[in-house]
Structure formats: structure tokens, C-alpha cells
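Heads up, the thing below is written out as C-alpha cells.
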Amino acid sequence: MHDAELPGLPAVLALRPSYLRYKPGTSLIATVRVAGAPAQAVVYPVGVHDKLGRLVRAARAAGDLIRAEEELGIAIVAAAADRALPGIRAALARHPHAETLAYKPARRWVARCDECGVIIKAHAPDRAGAALAGHRALAPLVPTAELVRAGDDGVLETRIVPGAVASGSADARAAGRILAGVHAAPVPAEERRVDAPAPGALAAVLPALAEREARLAEGIREALAAGTRTAPVHGDFSADQVLTGPAGTFVIDLDRAGVGDPHADLGSWAADEIARGIPRALAGAALREGYVAAGGSITEAALLAHTAAGVLRRAAEPFRRQDEGWQSECERMLGEAEALLALARVRGDEALPGAAAATPDATVIAHRAGRRAVLRSGDRFVKLARASRFAGIADRAERVTGLATLRAPRILRRDDARATLSLESVGERTLLEAGRDLGGDDFRAAWRTVGAGLAELAELDPSGLPTHGVDEELAAIRRALAGGGLHAPDEYALVERGLRSGSGPRGVLHRDLHDKQLLLPASGIAPIRLIDVDTLGVGERALDVANLLVHLELREVQGMLPEGRARLGAAALREGFGGGAVWDRVPAYAAAARLRLAGVYAARRGGDHASREMLRRVPAPVTSAAPRATSPSSPSAAASSRRSSRRDR
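Numbering (the working numbering), first residue to last: 625 to 1273.
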């Protein structure tokens, strides 16, 4: 790692710190070991301020200076020199034979003195009061270590509790039973509120993840804001806060106790297990068993959201510990938190009777709140719908099972009571994903198959399917434009004229067909599977053709397909579909698809470029890699002149 403002950074990292906090361009504070003892290492910018000088002078005067290289902005000092934790020096004076167990500079120091039989914790003085209050609030509710000293210097001392850190299902169930009793206790009148865990600090060390982290943190905050239940809580519950032995099970480290959502304790335990590599489906399971057996109640959506919060809070820990491969581990943790939040949103969707299918072992593929969701669970997909729409969705899925060219997933189970449909898992990659890697011949062959399959789909029995005509297509465009806050009256007028100027051959439509609805095997291109047929209807066949062609253009705009692939795919699609009057109507529906996608992407984070390009291309020739030039009076140019005020947000 390199930071031009912190030239001493490589030298400190070479010492293999066990813990560190890093602010790019500002500071690095780390725990290192010198002669077997933990010490504080700091790195500051050279010549910017005198923080390093003050630390070095004070440590030298006290005999705590281990190393100083002011030309690199480095200082290494004994833990007793930590100015934020003045209680360390006093504690070591009382307990000269104490063994340091944990040290996070400027945060907390923990030691064990076997001669005195105590655990010693030094906090920053301004935080010691809160730690003492937490201990006193929870100690009457759990078997815990006796408090023997609370000093003004920020030091708390408790009796050593014999036992080992909880491990195994039996210990976790015992911890769950204790936790249920804590959460059932009355909320104290003078409550100390425990806030939801803060997000991690990935952006500082992995800037490429900054947007994902910020989006996830905001989503977690929204999810946790919905909680209304409060109870006494531990505040940082995990297996290493529970000791078991001949004397029983004890809960320790009550410094963060207070009042909060009880799911935070359950989620914290599960998050700790996920961080240690335990699969999501198993994390916290034994704890929950004991908890429920002892009368504790769980709201699954809240538990998933709090687990996501706990995982995100820990996401930067692999960096702080300087674990081998910390970059990939940080990203894994971020992905786990994202998956948990997505499950929480589905589980809390009261419009979906089958929401209970969003178990921790599932993965959310798609979710439109209040309407539908698609999960992947093991070797199958599970589709959830509103009860009022389920019969139609199931009928459409059954209707396409006989297709020979674009094969549909086999239905494994239909549950009308829960409005869920289980389908076999088909395909490992979308046509979009494969399109980046396929050779030219395979790419053309895949799109020829899609064209032929589209022609077969159009010939299905249309009885009972809803009609999707020009009016319905225009209504869909208006909804998309409104959703994206996009004002484009000239483009809309052009599209409406085109759609109302004639009509073409009709048949069964997918209505939302694009390259992410077509799945290919892990290798090769056959068979190609067609998924997500909830929108089947009857209308002009040109609609599906145009939607596929415009998505090919869109992928080039997004940089997801190499330049030239749109033309290649379009030619192959036409070859597979065949000729005829359908193609006379494709330009009108292509313009409609571009305008609709302009609205869709205007509403998406990071979709501005795609939205602008789709809007600019509304009047362009079909599958053109670069739209024809437009005059200042054209609708597209007029839209460009309004772009700075195109959103009503």
C-alpha cells in the first residue's frame, strides 16, 4: 500500500501490525509487537503539524519511546504512552505483572493479572462512564464477572471468570437462553440507547467499493429505522463474549450494554460467525434455537437487517488486522451484507405471501417491492408473487413449457396458498455475460437461435392472455419517464406518431425480453433458456424484436459489449426470426423502447449516461452503432438543450 502523504506507511506495515486504523493522507495508527509486548505505531504527514513531535517528546520523557523517524513521520511508543488511554500507565503500576490481551490504540486496552485475579480494561476517560453504566445496567440480568474497581482514570477491573470462549452448538444454545432472559427484562427508566452499528470503512482502503458501501449503508439505515421493539441489550454480542466452564455460562464485556432492538444482539452473533467463514444459512442458528426455546421471539426481516449491519460494521476488519488476502475478504463481507439486506427486504414485504422463502441460504435475484421477487435457493429458483396475480403468473409459466427452441424452466412445485412457484435452475450465465466472451461464430449462432425462438414464442396459443397494444405501450413509456423524472415531450410525440402510424403481425409477446432473460450453460451456447415470462401478452410481434435490438445497442453504450457486436447480433436475430411485415414496424417500436429505457435508466443510480444516449437515439436507425446527426431543431437535439433541467427531483 502506498500513500504519498504518509511516506512512513510501508515501514509500519512491514512490522505486520495486528490492528490498524487508516485515514488516507492523514494518519495511520497501529498495534505492533516489540520484544513481545504490544506497542502503538503512528504515521503522520511530514511537516504538516506537530502531533508526531508532541508524542515523541512525551514518550521520550517517560521512557516509553521505542523508535522515532521524524523524517518519515513515524513513531513507535509503548502502550503506556497512549495519551488517549492514560489509565494504562496507572493500571500497570498497580498490576506490574499484567499480561496484555488486547490493545487498540486510543480505543481500549485489556489485560489480565493472574496474581490479583482480575481483568483490567482501560478506556478513554470520556468513554469510561458509558462503559461503567453499561456494566451496571446489564450485570443484574446475566451471570457475569464481578466489578471490583471503577476509577476516574477510565479503568474498570472485574474478577477473572474461569472458562473458555463459547464454541459449539451447546454453548451457543446456552447463550441464546441467557439472551432471551435479558431481552424479556423491563426497559430501565433511565435508558442508555444503543445505536445501530455504524457502517465499515471500506472506502478509505478500497475506493472501488465506496459506492457500494455507501448504498448499502443507506439501505441498512432505512431497514433498521422501521424497528419499533426495544429491550435491554448487550450491544456487542458474539461468541467471544461468552465463557463456559464447570461453573456455568457467563456473559462478559458489558461495556456497550444499554437499550436497543433485541435483534441487534442476535444479528451481531450471526455477523461474527459469517466474518469467521460460517455460511449464512448456519450462522447464528444454534443461538436462535436456544433463544426461541427460552421464549424469545424473532422477526426474521429485522434479524436479517441487523445481521447485515453487523457484517458491514466488520467488513474492514480484515484490513485492520492485515489478514492475508484482506482485499478479497473485505469484498466478500460486503457481498454478504448486500445479500442479507436484500433478503431482509423480501422477508419484510407484506404483499408477498411466500416471503418466508427468503431464508438466509437463499439469494435474491430480483425484487420489486409489493409486486414480486425471484430467489435462488439451492438448485432451484423460487418466484414469489402477490396472491391476486399468482394464478396468471403460474399459467404463463406452464404455457411456455413446451417450447423447443428457447426452452423454459421445468416447474417443480406450485404453491397457490403461498403464491410461490419453484422452478428448476437453468443456465449459469446470461446471454449478456456470455456475449462478452463468445467468439464471433458462437455469438451469431446464439442470436440466430434467439430469433428462431422468438418466432416460435409468437405462435403460441394466445387465448386468455391480455392484449398489449399501442395504448398500453405508451402508458408503459409514460410510467418510465415519470419514474425517472424525465421530461421529453418532443421524443414522446415522435414515438406516439410512429406507433399509431400503422400495425403489423400479431402474436404472443414476452413484452420484457432482453439479454438477461436468456440463459446459457457454463460452456457452449445450447440450450438457451427463456426465463421470467410473467409479462406474456398478445400484441405486435415487432415489440419483442425491437426490444432485443435496442438492448444490444444499450449494451454497447454501457461498455458491456465490444463495439460492432450490436450489428452482428441484430443481423443474426433477423436471420433466425425470418423476414416479413414484422420488420416494417420494428423502427417504431425501437424508438419506443429507447424512450422507455431512457426513463428507466434515469431512475437508476449511475444510469445517467445510458439514459442520455437512449434519449439521443430515439429517432436513430435501428441497431446503428452511432445515431445519425441531428439538426438543432430535431427532437433529440431539443432534448439535449434541456438536459440540465430534465429531472424533477
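From the three backbone atoms N, C-alpha and C, an ideal C-beta is built for every residue, glycine too.
If you draw a straight line from the alpha carbon of residue i to that of residue j, how long is it in whole angstroms?
{"i": "Leu911", "j": "His1175", "result": "48 Å"}
{"i": "Leu1047", "j": "Leu1036", "result": "5 Å"}
{"i": "Val1246", "j": "Glu835", "result": "34 Å"}
{"i": "Glu1057", "j": "Gly805", "result": "51 Å"}
{"i": "Val772", "j": "Val656", "result": "30 Å"}
{"i": "Leu644", "j": "Asp627", "result": "15 Å"}
{"i": "Glu1115", "j": "Leu833", "result": "37 Å"}
{"i": "Ala614", "j": "Ser642", "result": "No statement about residue 614 is possible, as the shown extent of the chain runs from 625 to 1273 and does not include it."}
{"i": "Ala1212", "j": "Lys647", "result": "54 Å"}
{"i": "Ala1082", "j": "Ala1190", "result": "23 Å"}
{"i": "Glu1097", "j": "Thr1025", "result": "27 Å"}
{"i": "Gly1223", "j": "Glu1120", "result": "16 Å"}
{"i": "Ala809", "j": "Ala918", "result": "13 Å"}
{"i": "Gly1109", "j": "Arg1229", "result": "13 Å"}
{"i": "Arg1020", "j": "Leu1045", "result": "11 Å"}
{"i": "Ala685", "j": "Thr852", "result": "53 Å"}
{"i": "Arg1252", "j": "Glu1237", "result": "Only weak support is given to the placement of Arg1252: the predicted model assigns it a pLDDT of 39, under 50, and the value that follows is read from those uncertain coordinates. Taking the straight line from one Cα to the other gives about 13 Å."}
{"i": "Arg1240", "j": "Gln1141", "result": "26 Å"}
{"i": "Asp1169", "j": "Trp893", "result": "It is worth fixing the name first, because residue 1169 is Val in this sequence and not Asp. Each residue's Cα considered, the two are about 51 Å apart."}
{"i": "Leu1274", "j": "Asp795", "result": "The displayed coordinates of the chain run from 625 to 1273. Any statement about residue 1274 would go beyond what the structure contains."}
{"i": "Ser1248", "j": "Glu1187", "result": "For Ser1248, the predicted model reports a pLDDT of 46, less than 50, meaning its position is unreliable and no value from the coordinates is stated."}
Would the beta-carbon of residue i fall within 9 Å of that of residue j?
{"i": "Glu962", "j": "Leu840", "result": "yes"}
{"i": "Gly1059", "j": "Leu1185", "result": "yes"}
{"i": "His930", "j": "Ala966", "result": "no"}
{"i": "Ala1009", "j": "Gly978", "result": "yes"}
{"i": "Val883", "j": "Thr873", "result": "no"}
{"i": "Val1206", "j": "Pro1129", "result": "yes"}
{"i": "Arg1023", "j": "Asp1085", "result": "yes"}
{"i": "Ala1146", "j": "Arg1053", "result": "yes"}
{"i": "Gly914", "j": "Ala799", "result": "yes"}
{"i": "Ala1041", "j": "Leu1219", "result": "no"}
{"i": "Val680", "j": "Val658", "result": "no"}
{"i": "Arg1165", "j": "Leu1078", "result": "yes"}
{"i": "Ala788", "j": "Thr868", "result": "yes"}
{"i": "Leu716", "j": "Pro856", "result": "no"}
{"i": "Arg995", "j": "Ser1049", "result": "no"}
{"i": "Leu1221", "j": "Leu1172", "result": "no"}
Looking only at its own chain, which residues have a Cβ that is under 6 Å from the Cβ of residue i, when we skip the five neighbours before and after it?
{"i": "Ala905", "result": "Pro984 and Asp985"}
{"i": "Ala1250", "result": "Model confidence at Ala1250 stands at a pLDDT of 40, short of 50, so the residue's coordinates are unreliable; what they give is reported in the following sentence. Contacts found: none."}
{"i": "Tyr727", "result": "Thr655, Pro662, Ala703 and Trp733"}
{"i": "Ala1028", "result": "none"}
By Cβ distance below 7 Å, which residues in the same chain neighbour residue i in space, the five residues on each side in sequence not counted?
{"i": "Val667", "result": "Leu630, Gly632, Leu633, Val636, Ser651, Leu652, Gly697 and Ile698"}
{"i": "Ala624", "result": "For the chain, the structure presents residues 625 to 1273; residue 624 sits outside this window and is missing."}
{"i": "Thr768", "result": "Phe874, Val875, Ile876 and Leu878"}
{"i": "Gln1182", "result": "Ala1234"}
{"i": "Cys954", "result": "Leu826, Leu830, Ala939, Ala940, Pro942 and Phe943"}
{"i": "Asp688", "result": "Val701, Ala702, Ala704 and Ala705"}
{"i": "Arg1004", "result": "Leu1036, Ser1046, Leu1047, Glu1048 and Ser1049"}
Around the Cβ of residue i, are there at least 16 other Cβ atoms within 10 angstroms (buried) or fewer (exposed)?
{"i": "Gly778", "result": "buried"}
{"i": "Arg1068", "result": "buried"}
{"i": "Leu1133", "result": "buried"}
{"i": "Met625", "result": "exposed"}
{"i": "Pro786", "result": "exposed"}
{"i": "Asp947", "result": "exposed"}
{"i": "Ser862", "result": "buried"}
{"i": "Ala661", "result": "exposed"}
{"i": "Pro720", "result": "exposed"}
{"i": "Arg797", "result": "buried"}
{"i": "Ser1265", "result": "Residue placement at Ser1265 cannot be trusted, given a pLDDT of 35 that sits under 50; the coordinates are not used to answer."}
{"i": "Gly920", "result": "buried"}
On the premise that residue j lies in contact with residue i, defined as a C-beta separation below 8 Å, what is that separation, rounded to the nearest angstrom?
{"i": "Ile744", "j": "Glu781", "result": "5 Å"}
{"i": "Ala1196", "j": "Arg1072", "result": "5 Å"}
{"i": "Gly891", "j": "Ala925", "result": "Incorrect: roughly 11 Å between the Cβ atoms, too far for contact."}
{"i": "Val988", "j": "Val970", "result": "6 Å"}
{"i": "Gly1075", "j": "Gly1200", "result": "3 Å"}
{"i": "Ala932", "j": "Leu964", "result": "4 Å"}
{"i": "Ile1152", "j": "Ala1070", "result": "7 Å"}
{"i": "Arg1179", "j": "Asp1139", "result": "7 Å"}
Report yes if the C-beta of residue i is less than 8 Å from at least one heavy atom of the ligand SAH; otherwise report no.
{"i": "Ala917", "result": "With respect to the ligand SAH, the structure shown offers nothing to examine, as it has no ligands at all."}
If I measure Cβ to Cβ from residue i and keep anything under 8 Å in the same chain, skipping five residues before and after, which residues do I get?
{"i": "His1092", "result": "Leu1133, Arg1135, Gly1161, Val1162, Gly1163 and Leu1167"}
{"i": "Ala899", "result": "Val935, Arg938, Glu941 and Met957"}
{"i": "Gly758", "result": "Arg816, Gly859, Leu878, Asp879, Arg880, Ala881 and Gly882"}
{"i": "His573", "result": "For residue 573 there is no data in the structure shown, the boundaries of the chain being 625 and 1273."}
{"i": "Ile844", "result": "Ala820, Pro823, Ala929, Ala932, Ala933, Leu936, Ala961 and Leu965"}
{"i": "Ile1149", "result": "Ala1058, Leu1062, Asp1066, Ala1069, Ala1070 and Thr1073"}
{"i": "Gly1064", "result": "Leu1192"}
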